[in-house]
Structures are given as structure tokens and as C-alpha cells.
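Just so we're aligned: the sequence shown equals residues 902 to 1359 in my numbering. Just below is one structure, and these are the notes that go with it.
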Amino acid sequence: MPVIAKTIDELKAVISESVALEGEKVSIKDEKNLRDKDVDNLIYTAVFAEDETVKEEAKRIIREVANEFGAIAASIHDFYMAMGRGEVDKITTPAVNIRGMTYDVARQMFKVANNHNVGAFIFEIAKSEIGYTFQRPSEYAACVLAAAIKEGYKGPVFIQGDHFQFNAKKYAEDPEKELQSIKDLTEEAIKAGFYNIDIDPSTLVDYSKETLKEQQYHNYVNTAKMTEFIRAIEPEGVTVSIGAEIGHIGGKNSTVEEFEAFMEGYLHEISSNMAGISKMSVQTGTEHGGVPLPDGTVAEVKLDFNVLRDIGKVAREKYGLGGTVQHGASTLPDELFDKFPESNCCEIHLATGFQNIMYDLIPDDFRKEIYEYIKENFKNEWKEGQTEQQFIYKTRKKGFGPFKYQWWTLDEEYKNKILEALYSKFEFLFGKLNVFNTKDLVEKYVNPVELPYGVVRK
């Protein structure tokens, strides 16, 4: 079991064989020892130490060590711009939301990347997930970078804020306050090394308005405001990749005309010399997590690839963007995944399918304990007409935060089964999405900047 340091002096002593600390300066003394055990001590301290100053110091050391090691937090913006110019094609970057056991799960992704020379892959966490999984951006980034060190992965590491979403009700009550809350979260994320941010005011689209541009007004105006904010605070040498969204996932399917109406308004709002968005999330018929049936299984989805293909074509040829983004895809049938690279889809978001693997393979008593907790603490979310299986399926994502330590310290027998299953799933998806052997291609366009922990431009 890794050491969870109680004080900064104890942390320094624990890692003294592999990491040298001189004031603020951090350097690697013994890479083998670091990877064998001390990176485990660092990340367990960063996540589970009781003292916040000790946690912060562990996160800072992880970031500095990752920089020296060569696992560098980066933006995928320039890679997507190359897609927009037609220099890169038929690649769909997997963006994976990790809700629990983040360090160990991220290690499986890096193992696949090392074994298949993958460069195009993203680690992400949504605004809502940050809340219910008890993972602030700094912790999530530390887990990912520590996993890269552990697995010996060197190169750009893409960490993304997913669905930094505006709350329509709060926005209606006080637009500036809601905008400021998204700005605050975005700044926190960028300080942590999230150089990829998906802004989502698609919740503000008003289909009661007469014209498409009027419908998209609050969406494109707030995306523009967030673009200007991000460009003002992004660190020197980094162009944060910004994603936008025109169709709320789970709603009606997006159209080319809606996309063009959004882009017309958005480009009018931002400065002409400012780098804009790099991609566009659209609705194709999916729903986050899939649609659970009364017995808890997931309904088949009719996904319209023409939405991805048609909007993606216009995105690349008219606006120079990387293409379209598909959400809510991890529970889709396996045979669909190789269609995404052919459909101008530059990125695909995957989450619930991995969560399902994790819940299927944990001990029965642990699963029962989580389910009882959910039924007791989230019963107000149990909608009329839902069976218990449907309610549990939709709500069990909230079992990662309160049981974080138990997930991380699962008996090795169960943990290894989960991680082996996740490795196989990642390997399958990365192959289908055509990202094997993309490392050199990504590094041709992406030149990451080694930045210290907690930096934004003021």
C-alpha cells in the first residue's frame, strides 16, 4: 500500500531517494525508483492526504516531475487545425471520462498508447463529474500525469474540461453570475493543466425563437465570451483547444443550418485576429449513458452518421475546424465505432461503458453497499415510473466520490480483473477509431510547453 504523507517534511522524506527538492526546484534523481514506488506515494498523497497544503505540494511535485520526465500537459488545437486544412484525416480522437480509480484507469490508456504508438487520445472530466466524483481539476490532472510517469509515457498529454455547461435556470435568473461561475471553473482547470476546454451553453438554445440565429444567440454569445476569456488567461505559448456545442445531447438532432447560424454569430462576436473554436459537438441521436430499459439493460440507439458527416464537412471546408464531436457513445454497439473516422468526426466522448465494466467486476458486497447508499441518499432523483434497475443505472455514477478510497484500494484480484477488461476495451476502441500509430503525427503539429503547476496569464 502506498504511503500517504501527513506533512510536507514526511512527503519529502518518502520520495527523497528518487526526487530532489531544492526550494521550488524539483528534479528526478532515480527514474526507476520513481516509477517503481515513489510516484504511487506522490499520487496517493495528492488524493488522500488530510492536509490541503500537503496535497497541493504533492500535485506540484507531480507536475514538475512530469515536465522533466517528458509527459507534458498540452493542447490538441494545432492537431485539429491540421484536420481543418485537410492534412490529417480519418482519425477520431477518443476522449475518455474517468470517474473512479482514475490513476489506475489512466495507466491502462497509457499502456495501450505505448503498445500501439498512440498520440491522439484525451483524458477528460465534465463539470458535473467534478462534483459527484469528488475530483477537482488539479487532482484529476495529477492522476493523469502520475499515470504517464508510472507507465513511462513521454509526449503531449491532453487533459480536457468536458461539458463546462451553463445552467439554463441559473442563467435566466442572473446571466453574469452564471457566466462568472463557468469562468471560475475554466481558470481553475487551466491552472491545473487542462489546455482543452469544451464550453457548453447549448442548454441556452431557445427553439421558440423564429430564426436559427436567434435560437442560437445565447449559445454563440457566451461561447464567444468564454473564448475571449480563455485567450486572455491561457499561458504563454499555449493555444487552448476550445470546443463548442450546438445541440444539447439527448435533444433533437443538429443540422448544417444550425451550425452555420451559430458560426455566423460566433465569428461576428470574437476578434478577427483571435483563434476561435477547434471543433463542434453535435447531437446525432445519442444520450449520455444510454437509455436504460426497465430491466437495466441499455436500449439500442439510432445514430445518424449523416449529421456528423455533413456538419463535419462544412466545419472543415468552410471554417477550418477539426470537425464534429460525438458525445454519449460508449454504450453504442461495437460494430459502429469504425464509422466515426469516415464521418468527419474528429473526437468522440466515452464514459459510461467503462463505468459499467467497473461495476460489473467489483465484489458483490461492495456493489450492494454502494447501491444501498445511492437508494438512501439520492432517492429524490428516483423518477416516477422508473424501475429500481433503471434508477440505479442512471444514478450509480454518484457512487464513485463517496467511495473513492474503497475503489482505489480494491482487493488486487478484483482490481486486476477490472483493469484488464478496461485495457482490452481501450485497445479495441483505439484501434477502431484509427488512432494507432498517431504519435509521430500528433507530435508533428503539437509542441507542448513545459509549464509549472498553477499558471495562467494575468
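For every residue, glycine included, the Cβ atom is placed at its ideal position computed from N, Cα and C.
Asked                                                                                           : Found
Reduced DSSP category for GLU1351 - H, G, I as helix; E, B as strand; rest coil                 : coil
Through-space distance from LYS1284 to ILE1050, alpha-carbon basis                              : 44 Å
Neighbour flag for LYS1153 against chain D, beta carbons, 8 Å                                   : Among the chains in the structure shown there is no chain D, since it carries only a single protein chain.
Within 8 Å, strictly: CB atoms of PHE1337 and HIS1017                                           : yes
Secondary structure of ALA1252, DSSP reduced to three states                                    : coil
Run of the beta strand (DSSP E) containing ALA974, from where it starts to where it stops       : 972-975
ALA1021 versus GLY1286: straight-line alpha-carbon distance, rounded                            : 42 Å
Under the three-state DSSP convention, the category LEU1330 falls into                          : helix
Burial state of GLY1190 (16 or more Cβ within 10 Å)                                             : In this predicted model, GLY1190 has a pLDDT of only 49, less than 50, meaning its place in the structure is not dependable; the value taken from the coordinates is given anyway. Its Cβ being crowded by 16 or more others within 10 Å, GLY1190 is buried.
ASN998 in three-state terms, based on DSSP                                                      : strand
For LEU922, the first and last residue of its enclosing alpha helix (DSSP H)                    : Element bounds for LEU922: not the alpha helix (DSSP H) but the beta strand (DSSP E), 920-923.
Any 3 or more C-beta pairs closer than 8 Å across the region 950-969 and the region 926-935     : yes
Through-space distance from GLU1040 to ALA906, alpha-carbon basis                               : 16 Å
Nearest-angstrom Cα separation, counted from PRO1349 out to TYR1054                             : 14 Å
Close beta carbons around LEU1113, own chain, < 7 Å, minus the five adjacent residues each side : GLU1158, GLU1159, ALA1162
Alpha-carbon spacing of GLU1077 relative to ASP937, whole angstroms                             : 48 Å
Closest residue to LEU1209 among ASN1120, LYS991, GLU1115, PRO1353 (Cα-Cα distance)             : LYS991
Buried versus exposed, by CB contacts within 10 Å (16 or more), GLN1036                         : buried
Closest Cα partner of ASP1266 within the set ASN1120, LEU1311, LEU1237, GLN1256                 : LEU1311
Same chain, Cβ closer than 6 Å to ALA983, neighbours up to 5 away in sequence not counted       : VAL989, TYR1346
Through-space distance from LYS1295 to GLU1289, alpha-carbon basis                              : 10 Å
Per-residue DSSP class, three states only, for HIS978                                           : helix
Beta-carbon proximity of SER1244 to GLY1223, cut-off 8 Å                                        : no
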